[in-house]
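Chemist: Residue numbers (the numbering used here): 9 to 128.
Beta carbons: idealized from backbone N, C-alpha and C, even for Gly.
(1) Answer with buried or exposed for residue 65, where buried requires no fewer than 16 other C-beta atoms within 10 angstroms of its C-beta.
(2) Counting pairs of beta carbons, one from the segment 41 to 56 and one from the segment 95 to 105, are three or more of them closer than 8 Å?
(3) Give the single residue among 14, 58, 23, 35 whose Cα lies nearest to the Cα of residue 109.
(4) Straight-line CA distance for residue 119 to residue 96?
(5) Looking at the unbroken beta strand (DSSP E) that takes in residue 23, where does it start and where does it end?
(6) Suppose you measure from the CA of residue 16 to the CA of residue 76; what does that come to, to the nearest Å?
(7) According to DSSP, is residue 99 part of a helix, a strand, or is it coil?
(8) Do you know offhand how far residue 32's Cα is from residue 12's?
(9) Find out if the Cβ-Cβ distance for the pair residue 80, residue 19 is shorter than 8 Å.
(10) Give the DSSP-derived three-state secondary structure of residue 77 in the structure shown.
(11) Among 111, 73, 92, which one has its Cα closest to the Cα of residue 99?
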């Protein structure tokens, strides 16, 4: 089995053994930046740990929310951290919307689509 397949299987394992908690529903505003409105449901996987001490971040799209469709690798110079955000059930358009939402000021990200085998 290749590394890429194993990577996605590990992500699936985390998702399948965790509950998704939505703490920022679609169309809600960011708690500190009122001009940022979440384009999709955003939350975390309960029982997991990210670099910020909270659960691993997830974005939920309009399709099968058990389907891992990609990940976003984000670097935040303001917070001085980097993290991975899992995309669940996201269409191609939704993934691009998330990517645009996250790329601003001191925050930059890369979208890695499942099955594409490439970084955009």
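Modeler: Walking through what the data contain:
(1) buried
(2) At 8 Å Cβ cutoff, the stretches touch.
(3) 35
(4) 13 Å
(5) Not the beta strand (DSSP E): residue 23 falls in the alpha helix (DSSP H), residues 11 to 24.
(6) Rounded to whole angstroms, the gap between the alpha carbons of residue 16 and residue 76 is 8 Å.
(7) coil
(8) 30 Å
(9) no
(10) In the structure shown, residue 77 sits in a strand (DSSP, three-state: E or B).
(11) 73
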